[in-house]
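Chemist: Going by my numbering, the first residue of the sequence shown is number 172, and it counts up by one from there.
Every residue, glycine too, gets a C-beta built ideally from N, C-alpha and C.
Pasting a structure below so you can have a look.
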Amino acid sequence: MQALRTRAACVARRTRHTTLRTKRSYASESHGHDSHHEAPQVEEGLGTAFYVFAAAVPASYIGYSISRPGPNGEPSSISNWLRSFDYFNDWEVRNTLRTNIIEQASHDKHLLLHAGKNPYVELKMPELINAGSPWNVPAGHYPKLDHLTEHYRREAAEEEERKFKKLQAKAKEEQPSSEA
(Lines of atoms letter the chains of each structure in order from A; the text may use other names.)
(Lines give C-alpha, C1' and ligand atoms only; values in the text may rest on other atoms or scores of the structure.)
Protein backbone atom coordinates (compact mmCIF):
# COMPACT_ATOMS: atom_id res chain seq x y z
CA MET A 172 0.00 0.00 0.00
CA GLN A 173 2.93 2.26 0.73
CA ALA A 174 4.27 1.83 -2.83
CA LEU A 175 0.88 2.79 -4.28
CA ARG A 176 0.68 5.86 -2.05
CA THR A 177 4.17 7.12 -3.01
CA ARG A 178 3.43 6.51 -6.66
CA ALA A 179 0.20 8.52 -6.48
CA ALA A 180 2.00 11.36 -4.70
CA CYS A 181 4.63 11.44 -7.43
CA VAL A 182 2.03 11.61 -10.18
CA ALA A 183 0.13 14.33 -8.28
CA ARG A 184 3.28 16.40 -7.97
CA ARG A 185 3.93 16.19 -11.70
CA THR A 186 0.42 17.21 -12.69
CA ARG A 187 0.22 20.01 -10.15
CA HIS A 188 3.14 21.93 -11.62
CA THR A 189 1.86 21.87 -15.16
CA THR A 190 -1.67 22.93 -14.23
CA LEU A 191 -0.47 25.93 -12.20
CA ARG A 192 1.82 27.25 -14.92
CA THR A 193 -0.32 28.27 -17.89
CA LYS A 194 2.32 30.14 -19.85
CA ARG A 195 5.95 29.40 -20.31
CA SER A 196 8.37 32.06 -19.16
CA TYR A 197 11.93 32.63 -20.25
CA ALA A 198 14.60 34.38 -18.31
CA SER A 199 15.34 36.73 -21.19
CA GLU A 200 11.76 37.98 -21.47
CA SER A 201 11.11 39.96 -18.36
CA HIS A 202 14.25 40.01 -16.20
CA GLY A 203 12.04 40.06 -13.17
CA HIS A 204 9.86 43.04 -14.15
CA ASP A 205 6.84 43.43 -16.34
CA SER A 206 8.30 45.87 -18.88
CA HIS A 207 8.70 44.57 -22.42
CA HIS A 208 11.95 45.28 -24.25
CA GLU A 209 11.78 45.45 -28.02
CA ALA A 210 14.62 45.39 -30.51
CA PRO A 211 15.63 48.80 -31.83
CA GLN A 212 14.11 49.81 -35.15
CA VAL A 213 16.66 49.73 -37.98
CA GLU A 214 16.22 51.44 -41.34
CA GLU A 215 17.02 48.78 -43.94
CA GLY A 216 17.81 49.70 -47.51
CA LEU A 217 16.47 47.87 -50.56
CA GLY A 218 19.80 46.16 -51.21
CA THR A 219 21.99 45.84 -54.28
CA ALA A 220 19.86 43.11 -55.88
CA PHE A 221 16.92 45.50 -56.20
CA TYR A 222 19.03 48.20 -57.80
CA VAL A 223 20.69 45.74 -60.19
CA PHE A 224 17.28 44.44 -61.26
CA ALA A 225 15.91 47.98 -61.57
CA ALA A 226 18.86 48.91 -63.83
CA ALA A 227 18.64 45.68 -65.86
CA VAL A 228 15.07 46.31 -67.01
CA PRO A 229 15.71 49.56 -68.94
CA ALA A 230 19.19 48.33 -70.04
CA SER A 231 17.69 45.22 -71.61
CA TYR A 232 15.01 47.30 -73.36
CA ILE A 233 17.65 49.65 -74.76
CA GLY A 234 19.83 46.72 -75.88
CA TYR A 235 16.86 45.07 -77.58
CA SER A 236 15.87 48.25 -79.40
CA ILE A 237 19.46 48.85 -80.59
CA SER A 238 19.85 45.30 -81.88
CA ARG A 239 16.67 45.39 -84.02
CA PRO A 240 17.05 46.21 -87.72
CA GLY A 241 15.77 49.51 -89.06
CA PRO A 242 12.27 50.05 -90.48
CA ASN A 243 13.40 49.69 -94.11
CA GLY A 244 15.52 46.60 -93.46
CA GLU A 245 18.81 48.46 -92.93
CA PRO A 246 21.19 46.76 -90.51
CA SER A 247 21.09 47.62 -86.82
CA SER A 248 23.53 50.03 -85.22
CA ILE A 249 25.25 47.14 -83.41
CA SER A 250 25.79 45.35 -86.74
CA ASN A 251 27.27 48.51 -88.23
CA TRP A 252 29.56 48.92 -85.24
CA LEU A 253 30.73 45.29 -85.44
CA ARG A 254 31.45 45.62 -89.16
CA SER A 255 33.91 48.39 -88.34
CA PHE A 256 36.30 45.77 -86.92
CA ASP A 257 38.62 43.94 -89.32
CA TYR A 258 38.01 40.57 -87.66
CA PHE A 259 34.43 40.42 -88.91
CA ASN A 260 35.24 41.49 -92.47
CA ASP A 261 37.51 38.68 -93.64
CA TRP A 262 35.01 35.81 -93.62
CA GLU A 263 36.34 34.21 -96.78
CA VAL A 264 39.92 34.07 -95.55
CA ARG A 265 38.94 32.59 -92.19
CA ASN A 266 36.58 30.06 -93.77
CA THR A 267 39.27 28.98 -96.22
CA LEU A 268 41.83 28.56 -93.42
CA ARG A 269 39.39 26.58 -91.29
CA THR A 270 38.40 24.37 -94.21
CA ASN A 271 42.06 23.64 -95.00
CA ILE A 272 42.78 22.83 -91.34
CA ILE A 273 39.80 20.48 -91.08
CA GLU A 274 40.69 18.74 -94.36
CA GLN A 275 44.29 18.28 -93.23
CA ALA A 276 43.13 16.91 -89.86
CA SER A 277 40.80 14.41 -91.54
CA HIS A 278 43.59 13.35 -93.92
CA ASP A 279 45.95 12.81 -90.97
CA LYS A 280 43.26 10.89 -89.10
CA HIS A 281 42.74 8.54 -92.05
CA LEU A 282 46.48 8.07 -92.35
CA LEU A 283 46.80 7.10 -88.71
CA LEU A 284 43.70 4.89 -88.59
CA HIS A 285 44.34 2.93 -91.78
CA ALA A 286 48.12 2.67 -91.69
CA GLY A 287 49.34 -0.89 -91.48
CA LYS A 288 51.14 -1.96 -88.37
CA ASN A 289 54.65 -3.32 -88.49
CA PRO A 290 54.31 -7.07 -87.91
CA TYR A 291 57.98 -7.50 -87.04
CA VAL A 292 58.81 -7.24 -83.34
CA GLU A 293 62.40 -7.61 -82.30
CA LEU A 294 62.68 -9.49 -79.04
CA LYS A 295 65.57 -8.61 -76.79
CA MET A 296 65.19 -11.76 -74.70
CA PRO A 297 63.42 -14.72 -76.34
CA GLU A 298 63.26 -16.46 -72.95
CA LEU A 299 60.41 -14.14 -72.01
CA ILE A 300 58.15 -15.81 -74.56
CA ASN A 301 57.88 -18.90 -72.43
CA ALA A 302 57.91 -17.06 -69.10
CA GLY A 303 55.13 -18.02 -66.75
CA SER A 304 54.29 -20.10 -63.77
CA PRO A 305 55.26 -23.75 -64.20
CA TRP A 306 52.67 -24.87 -61.64
CA ASN A 307 48.98 -25.54 -62.22
CA VAL A 308 49.30 -25.43 -66.01
CA PRO A 309 46.76 -27.63 -67.79
CA ALA A 310 48.12 -30.14 -70.28
CA GLY A 311 48.59 -28.64 -73.73
CA HIS A 312 48.16 -25.10 -72.47
CA TYR A 313 51.61 -23.96 -73.51
CA PRO A 314 52.35 -24.54 -77.21
CA LYS A 315 55.68 -25.89 -78.39
CA LEU A 316 57.94 -22.89 -78.94
CA ASP A 317 61.05 -24.76 -80.01
CA HIS A 318 60.89 -23.43 -83.56
CA LEU A 319 60.62 -19.86 -82.24
CA THR A 320 63.56 -20.31 -79.92
CA GLU A 321 65.56 -21.84 -82.81
CA HIS A 322 64.69 -18.86 -85.02
CA TYR A 323 66.09 -16.36 -82.52
CA ARG A 324 69.15 -18.52 -81.83
CA ARG A 325 69.87 -18.66 -85.57
CA GLU A 326 69.31 -14.91 -85.87
CA ALA A 327 71.77 -14.23 -83.03
CA ALA A 328 74.35 -16.55 -84.64
CA GLU A 329 74.00 -14.74 -87.98
CA GLU A 330 74.45 -11.40 -86.24
CA GLU A 331 77.60 -12.63 -84.49
CA GLU A 332 78.92 -13.98 -87.82
CA ARG A 333 78.29 -10.61 -89.49
CA LYS A 334 80.12 -8.79 -86.70
CA PHE A 335 83.04 -11.23 -86.94
CA LYS A 336 83.36 -10.72 -90.72
CA LYS A 337 83.20 -6.96 -90.26
CA LEU A 338 85.99 -7.09 -87.69
CA GLN A 339 88.11 -9.31 -90.01
CA ALA A 340 87.62 -6.88 -92.91
CA LYS A 341 88.59 -3.98 -90.68
CA ALA A 342 91.67 -5.83 -89.47
CA LYS A 343 92.74 -6.57 -93.09
CA GLU A 344 92.37 -2.88 -93.97
CA GLU A 345 94.56 -1.87 -91.03
CA GLN A 346 97.26 -4.51 -91.74
CA PRO A 347 98.63 -3.05 -94.98
CA SER A 348 98.75 0.43 -93.46
CA SER A 349 100.82 -0.82 -90.50
CA GLU A 350 103.37 -2.58 -92.79
CA ALA A 351 104.10 0.55 -94.78
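Looking at the unbroken alpha helix (DSSP H) that takes in N266, where does it start and where does it end?
Modeler: Here residue 266 is taken as the residue at index 95 of the sequence shown, counted from 1. Counting along the chain, the alpha helix (DSSP H) containing N266 begins and ends at 262–285.
Chemist: Among residues of its own chain, excluding the 5 on either side of F224, which ones have a beta-carbon nearer than 6 Å to its beta-carbon?
Modeler: On the sequence shown, position 53 is the one that residue 224 refers to. Nothing listed; no residue qualifies.
Chemist: Among the candidates G241, L175, I300, whose CA atom is the shortest distance from the CA of K315?
Modeler: Taking the first residue of the sequence shown as 1, we reach residue 315 at position 144. The residue with the shortest Cα to Cα distance from K315 is I300.
Chemist: Going by DSSP, what residue range makes up the alpha helix (DSSP H) through S248?
Modeler: The residue given as residue 248 occupies position 77 in the sequence shown. Counting along the chain, the alpha helix (DSSP H) containing S248 begins and ends at 248–254.
Chemist: Using DSSP with H/G/I as helix, E/B as strand and the rest coil, what is A310?
Modeler: For the purposes of this step, residue 310 is identified with residue 139 of the sequence shown, where counting begins at 1. Looking at A310 - three-state DSSP - the assignment turns out to be coil, as it is neither helix nor strand.
Chemist: If you measure between the beta carbons of I237 and S248, is that distance less than 8 Å?
Modeler: Locating residue 237 in the sequence shown gives position 66, counting from the first residue. Locating residue 248 in the sequence shown gives position 77, counting from the first residue. Cβ distance < 8 Å, so I237 and S248 count as in contact.
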